[in-house]
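Accompanying notes for the structure given below.
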Amino acid sequence: MPLTQINSTTILENIQRAAANNDKLLAILIDPDKVVSKEISTIAEKINHIGPDYVFVGGSTVESGATDIFVGAFKNYCDIPVVLFPGCESQISNKADALLFLSLLSGRNPEYLIEQQLRAVKKLEGSSLEIIPTGYILVDGGNTSSVQRVSNTAPISQDALKAIVTTAKAGEYMGKQLIYLEAGSGAQIPVNTEILQAVKAVLHIPMIVGGGLRSKAQINAAYESGADLVVVGTAFEQNLNFSKANG
Ligand code: 1GP
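Numbering (this note's numbering), first residue to last: 376 to 622.
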């Protein structure tokens, strides 16, 4: 076995280890549809400066092929691992490092529970992408999110604490390796800390939290309430000089 293989750890193992050690992780989310190619080097430079653990790439609606072009170009400027966070199977790119293989567990639309996943299998033939089974739970963020619109599913109300906890636990029992609690990109209200604490208390797998987290205080509150990995998209889009220190 080559040395690189002996020493390599997967992205999932890194997240699991960080969660076990209470080391908090940050991902910056980039939606390739919102980026023009001449901006890619600048975006990469800003991301290098922030130094997140991961760059998530995806969006609810991304033009076919745009993810592949973005990831290919981005990797010329940035060595931070790229994790696909796809809104549909057409966003799978073998140029990335890993793929969150998502099931929209809060919804009841078979298209996002199994149909997209079936189509993804074909695209993943021969792929070396690390595939990470992830339960994705959309919680009401106070406005209509693109996920809600595109998936045609309702988010779970933040008042329905038990339903959110039960959904997360069902995801764990189904074999998901991560649970992603999502208020939706640009959410007015992030997933509240009571929900984060309650979900964290029942899970034995790492918890990702995203949607509407803009300030350092909000991000820290999410970490303190059990988020192992926080995802920030809009705050970075709106201020490319967003920093870990200032939020
Ligand atoms: C969206 O959780 C991510 O899927 C990030 O949300 O754009 O609101 O940071 P924001």
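Backbone N, C-alpha and C define an ideal beta-carbon position, used for all residues, glycine too.
- prompt: So is G586 buried or exposed if we call it buried at 16+ other beta carbons inside 10 Å?
  reply: If you number the sequence shown from 1, residue 586 lands on position 211. By the neighbour-count rule (16 or more Cβ atoms within 10 Å), G586 is buried.
query: Among V457, I512, L578 and N451, which residue has its Cα nearest to the Cα of L480?
result: What you label residue 480 is simply residue 105 of the sequence shown in a count that begins at 1. The candidate whose alpha carbon is nearest that of L480 is I512.
query: Hey, quick one: how far does the beta strand (DSSP E) through L404 stretch, first residue to last?
result: The residue given as residue 404 occupies position 29 in the sequence shown. That run of the beta strand (DSSP E) goes L400 to I405.
task: Find the nearest neighbour of V437 within the set L459, K544, Q613 and E500, judged by alpha-carbon distance.
output: Counting from 1 along the sequence shown, the entry for residue 437 is found at position 62. Nearest option by C-alpha distance: L459.
query: If you drop the 5 nearest sequence neighbours on each side, which residues of the same chain put their C-beta closer than 8 Å to that of N565?
result: Taking the first residue of the sequence shown as position 1, residue 565 is located at position 190. Checking the sequence, you will find Pro at residue 565 rather than Asn. Cβ neighbours of P565 beyond the five flanking positions: G516, A558, V584, G586, G587, L588, Q593 and A597.
query: If you follow the alpha helix (DSSP H) that V522 is part of, which residue opens it and which one closes it?
result: Start at 1 with the first residue of the sequence shown, and residue 522 comes out as number 147. Element bounds for V522: S521 to S526.
query: Taking only beta-carbon atoms, is S412 less than 7 Å away from chain C?
result: Judged by its chain identifiers, the structure shown contains no chain C, having just a single protein chain.
message: Just to confirm the assignment: which complete beta strand (DSSP E) runs, minimum length 3, are found wholly within the segment 460 to 508?
response: 473 to 479
message: Here's the rule I'm using: 16 or more other beta-carbon atoms within 10 Å means buried, otherwise exposed. How should Q523 be labelled?
response: In the sequence shown, the residue the question calls residue 523 occupies position 148. It counts as buried.
field: Same chain, Cβ closer than 7 Å to Q491, five either side skipped, listed in chain order
entry: Here the question's residue 491 lines up with position 116 in the sequence shown. Within the same chain, Q491 has close Cβ partners C463 and E464.
task: Ignore the nearest five residues each way along the sequence and tell me which others in G546's own chain have a CB closer than 7 Å to its CB.
output: As a first step, residue 546 must be located in the sequence shown, where it is residue number 171. Once the five neighbours on either side are set aside, the close Cβ partners of G546 are L480, G510 and I554.
field: First and last residue of the uninterrupted beta strand (DSSP E) at V606
entry: Walking along the sequence shown from the start, residue 606 turns up at place 231. From DSSP, the beta strand (DSSP E) with V606 extends over L604 to V607.
- request: Between the Cα of S422 and those of A402, D408, S412 and F476, spot the shortest distance and give me the residue it belongs to.
  value: Counting from 1 along the sequence shown, the entry for residue 422 is found at position 47. The residue asked about is misnamed: residue 422 is Ile in this sequence, not Ser. Per the Cα distances, A402.
query: Of all the beta strand (DSSP E) runs that stay within the bounds of the segment 422 to 466, which reach a length of 3 or more residues?
result: 429 to 432 and 457 to 459
query: Assuming S532 and S560 make a contact with CB atoms under 8 Å, what is their CB distance in whole Å?
result: Translated into the one-based positions of the sequence shown, residue 532 becomes position 157. Translated into the one-based positions of the sequence shown, residue 560 becomes position 185. The Cβ separation is near 19 Å, so there is no contact.
- prompt: In angstroms, rounded to a whole number, what distance separates the CA positions of Q391 and N527?
  reply: Taking the first residue of the sequence shown as position 1, residue 391 is located at position 16. Taking the first residue of the sequence shown as position 1, residue 527 is located at position 152. If you take the alpha carbons of Q391 and N527, they lie about 32 Å apart.
- prompt: Within this structure, are the beta carbons of I570 and L536 separated by less than 7 Å?
  reply: Reading the sequence shown from its first residue, position 195 is the one you call residue 570. Reading the sequence shown from its first residue, position 161 is the one you call residue 536. Yes, Cβ-Cβ distance for I570 and L536 is below 7 Å.
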